[in-house]
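Visitor: Sending over a structure as structure tokens; questions will come in a sec.
In structure tokens form, the structure reads like this:
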């Protein structure tokens with residue numbers, strides 16, 4: 012008898028769990044590797060405005076000028092503030108208050124009306140109003156229960172959900188460093204195509220577009236970048252020189268390989 016293949020959602024959840032860090036490494040880490048530096052997500056004048064993700068979201072706004080956008084995992088607002096002024100109101104959801112503060116400050120500086128919701132999606136979904144468009148950029152690789160996450164996104168979209176993610180796991184570029192410092196091999200799954208499979212399995216018909224994100228200057232200094240990578244790798248500050256040396260001869264994360272997955276609610 013043939014064993015049924017696991018569902019796309021099960022494959023996603025199982026593959027993502029492989030990205031966990033062994034307890035032996037976590038226990039000696041001087042800081043949590045899971046906290047994101049707000050400066051990495053700051054919104055500014057170089058925010059992308061003409062990417063496939065932005066164009067799809069803008070086209071789906073039902074009443075340009077007064078439309079509502081819900082940004083799940085908003086960070087500093089790079090994924091939604093460029094939709095103004097077509098988006099008259101943008102609600103940002105994030106689990107870090109510093110991210111929300113940065114988002115609200117950037118919105119005020121640009122004259123955009125914003126609201127903020129502190130918490131983790133979909134736990135705080137019931138605190139968020141239905142929006143014309145829901146955007147969610149570079150979040151889903153942090154989501155284990157992908158079915159509940161996707162359903163909550165869809166339930167809050169009147170017109171469209173637009174998810175943006177890197178083609179591979181965003182930590183893939185650090186795999187050589189994990190091997191170097193910890194002799195630890197990192198996974199190669201899931202991928203953006205895995206996520207699109209989940210969306211299809213839930214009964215939606217996603218438009219999927221692979222594209223290259225334009226290079227942009229790092230939003231933090233070289234020293235802060237080294238410190239950020241050190242934290243990701245659960246290392247102590249005395250390894251900074253070694254990290255910097257490896258960065259000099261190791262290709263950076265291929266985050267310019269991006270995928271937009273967008274779908275309309277039923």
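In the numbering used here, the protein residues as written are 12 to 277. Note that the Cβ used here is the ideal one computed from N, Cα and C, for glycine as well.
1. For residue 157, which of helix, strand or coil comes out of DSSP?
2. Under three-state DSSP, which class holds residue 220?
3. Count the other CB atoms, across all protein chains shown, that sit within 10 Å of the CB of residue 69; report buried if there are 16 or more and exposed otherwise.
4. Quick check on the DSSP output: the alpha helix (DSSP H) that includes residue 193 runs from which residue to which?
5. Do residue 202 and residue 64 come within 9 Å of each other at the CB atom, strictly closer than that value?
6. Within the chosen definition, does the segment 99-119 reach the segment 203-222 through at least 3 CB pairs nearer than 8 Å?
7. Quick check: the Cα distance between residue 99 and residue 155, rounded to an integer number of angstroms?
8. Just the Cα atoms here: how many angstroms apart are residue 145 and residue 176?
9. For the beta strand (DSSP E) containing residue 274, name the first residue and the last one.
10. So is residue 93 buried or exposed if we call it buried at 16+ other beta carbons inside 10 Å?
11. Look at the alpha carbon of residue 243 and the alpha carbon of residue 234, and state the distance between them as a whole number of angstroms.
12. DSSP state of residue 231, grouped into three classes?
13. Would you call the CB atoms of residue 95 and residue 130 closer than 9 Å?
14. Whose C-beta lies closer than 7 Å to the C-beta of residue 111 among residues of the same chain, with five residues either side of it excluded?
15. Would you say residue 340 and residue 30 are within 9 Å of each other, going by their C-beta atoms?
16. For residue 254, which of helix, strand or coil comes out of DSSP?
17. Nearest to residue 114 by alpha carbon, out of 81, 194, 19?
18. Rounded to a whole number of angstroms, what is the C-alpha to C-alpha distance between residue 125 and residue 179?
19. Please identify the residue among 25, 77, 148, 45 whose C-alpha is closest to the C-alpha of residue 59.
Guide: On the basis of the supplied data:
1. helix
2. When secondary structure is reduced to three states using DSSP, residue 220 falls in the strand class.
3. That one is buried.
4. 186-193
5. no
6. Counting C-beta pairs with one atom in each stretch, the segment 99-119 and the segment 203-222 have fewer than three that are closer than 8 Å, which means they do not touch.
7. 32 Å
8. 14 Å
9. 268-274
10. Residue 93 comes out buried.
11. 14 Å
12. coil
13. no
14. The answer, listed in chain order, is 103, 105, 127, 129.
15. In this structure the chain extends from 12 to 277, so residue 340 is not present and cannot be described.
16. helix
17. That would be 81, whose Cα lies nearest to the Cα of residue 114.
18. 31 Å
19. By alpha-carbon distance to residue 59, the top candidate from 25, 77, 148, 45 is 148.
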